[in-house]
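Under the working numbering, think of the first position of the sequence shown as 299, with each following residue one higher.
Each residue gets a CB set at the ideal place from its N, CA and C atoms; glycine is no exception.
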Amino acid sequence: MTKEITNFEDFIRRILKIVFWVLLFLPLVGVPVYYLLDTVFHFGVDVFGLITVHPDQLISLQLQLISTEPFHSLFIWTTFPGFTFAALFVTFFAMLWERKLLAKMQLRVGPQYAGKYEGILQMVADLVKLLFKELVTPNAVDKPIFWSVPFASMAIAGALLSLVPLGPNTYLADPPIGVIMIFAIIGFFPIVTLLAGWASNSKYPFLGGLRALHQMISYEIPLILSLLGVVILSGTLDIMKVVVSQEGIWYILLQPIGAIVFFIASLAELERIPFDLPEADTELVAGWVTEYTGMGFGAVFLGIYIKLYALSGLFTAFFLGGWLGPSFLPPELWFLLKTFLVMTAMLIPRGTMPRIRIDLMIRVGWTRLLVLSFANIFLTMLLVSLGIFRI
299 MTKEITNFED
309 FIRRILKIVF
319 WVLLFLPLVG
329 VPVYYLLDTV
339 FHFGVDVFGL
349 ITVHPDQLIS
359 LQLQLISTEP
369 FHSLFIWTTF
379 PGFTFAALFV
389 TFFAMLWERK
399 LLAKMQLRVG
409 PQYAGKYEGI
419 LQMVADLVKL
429 LFKELVTPNA
439 VDKPIFWSVP
449 FASMAIAGAL
459 LSLVPLGPNT
469 YLADPPIGVI
479 MIFAIIGFFP
489 IVTLLAGWAS
499 NSKYPFLGGL
509 RALHQMISYE
519 IPLILSLLGV
529 VILSGTLDIM
539 KVVVSQEGIW
549 YILLQPIGAI
559 VFFIASLAEL
569 ERIPFDLPEA
579 DTELVAGWVT
589 EYTGMGFGAV
599 FLGIYIKLYA
609 LSGLFTAFFL
619 GGWLGPSFLP
629 PELWFLLKTF
639 LVMTAMLIPR
649 GTMPRIRIDL
659 MIRVGWTRLL
669 VLSFANIFLT
679 MLLVSLGIFR
689 I
């Protein structure tokens, strides 16, 4: 029976054991299998040559390996602009920026000890702390569901991330029905939060999961409807084509109501202040993540912050022209700068606003934002029919 991993030392020991067996069997099994597959798929890379090559030629051969399929697709999905880039961008930049920004707003110093300049290594310190914490599994939890939630949170956030285009040639996926896929992916988040609360078998996570379910359902519908005005103006469900259609004017100028509704609904979807009722610390400890410890807790919040980056990127793509900008900067840099500004706008309410009451929160979603969304759709269709807006 495999020994359960309870701390970081056990995790490292297990990883080293896996690495040992991989290094042992890869030359014996992996290389022959690769050459057999190469006769069918013609990868065009000499693996044995990579092992025996002169060090001066190694970089060019590695670039050749990355540029061939399926390694090119694997690099894009896992490294840039894929999950690894988003995780590093969020972990080592967005979280630190949030802490320092809130500290300056509240006349505090913020992180300063980890790293000589402005506590720049604070996130590394937090990561090491979480890695060394014990992974505690309460006796009453439903273990399969309980431990699948952190991975599901990151996976669903990664799926939403795959629809965010960084540039005309820098994207993970370009489906012709990208807007509909956004709606489909977002619908999984309430299920994950409810499962976390249910599987924890504890009153605080369960109440937090129910609050999250009510909140997300109340605001996902306005979030979806707020994009229909953009779809009407662009005449397409393809996110890349929506960005290209903003070459003349950004849709935030033509769709201010839709942009405001999308922004507010995104705050509720992310459970950020003033919509942080599912994890209200004074009432529910940490809400639906109360029972998670160590990297289980870290994985859940990594998924939430990747979701923040993805929704900020979608706001940029739909309302701020995506990667469009003056040619003195690369398109990808324009996109990241705009996304950074949107993320900053989403972080500011945490330091300036109180938590809203749950009855008011639900009422705002169903009676204010929903009405504004329908009004925006009706007004857009009216202006298009009158010829004021042209598709």
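field: Spatially closest choice to ALA673 from LEU600, ILE555, SER610 and LEU575, by CA coordinates
entry: Here residue 673 is taken as the residue at index 375 of the sequence shown, counted from 1. Comparing alpha-carbon positions, the option among LEU600, ILE555, SER610 and LEU575 lying closest to ALA673 turns out to be ILE555.
- request: Give every residue of the same chain whose Cβ lies closer than 7 Å to the Cβ of LEU575, excluding the five residues on either side of it in the sequence, and list them in chain order.
  value: Position 277 of the sequence shown holds residue 575. These residues qualify, in order along the chain: ARG509, GLN513, ARG653, ILE656 and MET659.
- prompt: Across which residues does DSSP place THR678 in a beta bridge pair?
  reply: Position 380 of the sequence shown, counted from the start, is the residue given in the question as residue 678. None, per the DSSP bridge assignment.
- request: Report the rounded CA-to-CA distance for PRO488 versus ILE478, giving the unit in angstroms.
  value: Looking up residue 488 in the sequence shown gives position 190. Looking up residue 478 in the sequence shown gives position 180. Taking the straight line joining both Cα atoms gives about 17 Å.
message: Suppose you measure from the CA of GLY685 to the CA of THR678; what does that come to, to the nearest Å?
response: In the sequence shown, counting from the first residue as 1, residue 685 sits at position 387. In the sequence shown, counting from the first residue as 1, residue 678 sits at position 380. Straight across, the Cα-Cα distance linking GLY685 with THR678 is about 11 Å.
Cut-off 6 Å between Cβ atoms - residues of its own chain near LEU523, not counting five sequence neighbours on either side: As a position in the sequence shown, residue 523 is number 225, starting the count at 1. Here the set comprises SER671.
C-beta atoms of GLY495 and GLY485 nearer than 8 Å: For the purposes of this step, residue 495 is taken as the residue at position 197 of the sequence shown. For the purposes of this step, residue 485 is taken as the residue at position 187 of the sequence shown. No. Outside cutoff.
query: SER625: buried (16+ other C-beta within 10 angstroms of its C-beta) or exposed?
result: One-based indexing of the sequence shown puts residue 625 at position 327. It is exposed - the Cβ of SER625 has fewer than 16 other Cβ atoms within 10 Å.
- prompt: Would you say the segment 554-568 touches the segment 660-668, given that touching needs at least three Cβ pairs under 8 Å?
  reply: Short answer: they touch.
message: Looking at the secondary structure, which residues open and close the alpha helix (DSSP H) in which ASP657 lies?
response: Here the question's residue 657 lines up with position 359 in the sequence shown. 656-661 is the extent of the alpha helix (DSSP H) around ASP657.
Nearest neighbour of LEU293, chosen from TRP586, ALA385, VAL434 and TRP319 [CA to CA]: Beyond the ends of the chain as shown, which are 299 and 689, falls residue 293; an answer cannot be given.
Burial state of ARG397, where buried means 16 or more other Cβ atoms lie within 10 Å: In the sequence shown, residue 397 corresponds to position 99, counting from 1. ARG397 should be labelled buried.
message: At the level of alpha carbons, what is the spacing between ALA401 and TRP395?
response: Numbered from 1 along the sequence shown, position 103 holds the residue referred to as residue 401. Numbered from 1 along the sequence shown, position 97 holds the residue referred to as residue 395. Take the alpha-carbon of ALA401 and the one of TRP395: they are about 10 Å apart.
- prompt: Under the rule that 16 or more other beta-carbon atoms within 10 Å means buried, what is PHE613, buried or exposed?
  reply: Position 315 of the sequence shown, counted from the start, is the residue given in the question as residue 613. Buried.
- request: Could you tell me whether the segment 448-466 touches the segment 615-630, using the rule of 3 or more Cβ pairs below 8 Å?
  value: Yes, the segment 448-466 touches the segment 615-630.
message: ALA643 and MET452 - do their beta-carbons sit closer together than 8 Å?
response: The count along the sequence shown starts at 1 and reaches residue 452 at position 154. The count along the sequence shown starts at 1 and reaches residue 643 at position 345. It is not a contact, given that the beta carbons lie outside the stated cut-off.
task: Report buried or exposed for ILE313, applying the criterion of at least 16 other Cβ atoms within 10 angstroms of its Cβ.
output: Taking the sequence shown and counting its residues from 1, the one referred to as residue 313 is at position 15. ILE313 should be labelled exposed.
message: Out of GLY649, LYS427, PHE318 and GLY476, which one is the CA nearest neighbour of GLY592?
response: Start at 1 with the first residue of the sequence shown, and residue 592 comes out as number 294. Answer by Cα proximity: LYS427.
message: With DSSP as the reference, identify every bridge partner of THR468, one or two as the case may be.
response: Numbered from its first residue, the sequence shown carries residue 468 at position 170. As DSSP reads the structure, THR468 sits in a beta bridge with GLY465.
- prompt: Grouping DSSP H, G and I as helix and E and B as strand, with all else coil, what is MET479?
  reply: Numbered from its first residue, the sequence shown carries residue 479 at position 181. Note: MET479 maps to helix in three-state DSSP.
message: Let me confirm a value: LEU609 is counted as buried when at least 16 other C-beta atoms fall within 10 Å, else exposed. Which label applies?
response: One-based indexing of the sequence shown puts residue 609 at position 311. Classification for LEU609: buried.
- request: Return helix, strand or coil for PHE442, following the three-state DSSP convention.
  value: Counting from 1 along the sequence shown, the entry for residue 442 is found at position 144. The displayed chain sequence assigns Pro, not Phe, to residue 442. When secondary structure is reduced to three states using DSSP, PRO442 falls in the helix class.
- prompt: What separation, rounded to the nearest whole angstrom, lies between the Cα atoms of ALA412 and LEU405?
  reply: Position 114 of the sequence shown, counting from 1, holds the residue named residue 412. Position 107 of the sequence shown, counting from 1, holds the residue named residue 405. Between ALA412 and LEU405, the C-alpha separation is close to 20 Å.
- request: Determine the direct distance from the alpha carbon of GLN410 to that of PHE430, and round the result to whole angstroms.
  value: Taking the sequence shown and counting its residues from 1, one reaches residue 430 at position 132. Taking the sequence shown and counting its residues from 1, one reaches residue 410 at position 112. Approximately 22 Å, taken between the alpha carbons.
message: Helix, strand or coil for GLU630? Go by DSSP, reduced to three states.
response: By 1-based counting over the sequence shown, the position of residue 630 is 332. Residue state, collapsed to three classes: helix.
field: Option nearest TRP586 by Cα separation, candidates VAL490, ALA457, PRO520 and TYR415
entry: Position 288 of the sequence shown, counting from 1, holds the residue named residue 586. Checking every option, the nearest Cα to that of TRP586 belongs to VAL490.
field: Proximity of THR534 and VAL541 at Cβ, strictly below 8 Å
entry: Locating residue 534 in the sequence shown gives position 236, counting from the first residue. Locating residue 541 in the sequence shown gives position 243, counting from the first residue. Not a contact, by the Cβ cut-off of 8 Å.
- prompt: Who are the Cβ neighbours of ILE443 in its own chain at under 7 Å, not counting the five residues just before and after it?
  reply: By one-based count along the sequence shown, residue 443 stands at place 145. So the qualifying residues of the chain are LEU493 and ALA497.
- prompt: Once you ignore the five residues that flank LYS441 on each side, which residues in its own chain have a CB closer than 7 Å to its CB?
  reply: Position 143 of the sequence shown, counted from the start, is the residue given in the question as residue 441. Within the same chain, and ignoring the five residues on either side of LYS441 in sequence, the residues whose Cβ sits closer than 7 Å to its Cβ are THR435.
query: Comparing alpha-carbon positions, which option in ALA450, ILE515, GLY417 and PHE449 lies nearest PHE481?
result: Taking the first residue of the sequence shown as position 1, residue 481 is located at position 183. That would be ILE515, whose Cα lies nearest to the Cα of PHE481.
field: Spatial neighbours of GLY408 in its chain, beta-carbon cut-off 6 Å, leaving aside the 5 residues before and after
entry: On the sequence shown, residue 408 is found 110 positions in, with the first residue counted as 1. Spatial neighbours of GLY408 in its own chain (CB-CB distance under 6 Å, excluding positions within 5 residues in sequence) are listed in chain order as ARG397, LYS398 and ALA401.
- prompt: For PHE687, does the three-state DSSP call read helix, strand or coil?
  reply: What you label residue 687 is simply residue 389 of the sequence shown in a count that begins at 1. Of the three classes helix, strand and coil, the one that applies to PHE687 here is coil, per DSSP.
query: With 16 other CB atoms within 10 Å as the buried threshold, where does PHE599 fall?
result: For the purposes of this step, residue 599 is taken as the residue at position 301 of the sequence shown. Buried.
- prompt: Between the Cα of LEU680 and the Cα atoms of PHE383, PHE633, MET393 and GLY527, which residue gives the shortest distance?
  reply: Sequence index remark: in the sequence shown, residue 680 carries index 382 (1-based). A check of alpha carbon separations from LEU680 across PHE383, PHE633, MET393 and GLY527 identifies GLY527 as the nearest.
- prompt: Who are the Cβ neighbours of ILE475 in its own chain at under 8 Å, not counting the five residues just before and after it?
  reply: Counting from one through the sequence shown, the residue named residue 475 turns up at place 177. Cβ within range, chain order: LEU535 and ASP536.
query: Does DSSP classify ILE316 as helix, strand or coil?
result: Locating residue 316 in the sequence shown gives position 18, where the first residue counts as 1. Looking at ILE316 - three-state DSSP - the assignment turns out to be helix.
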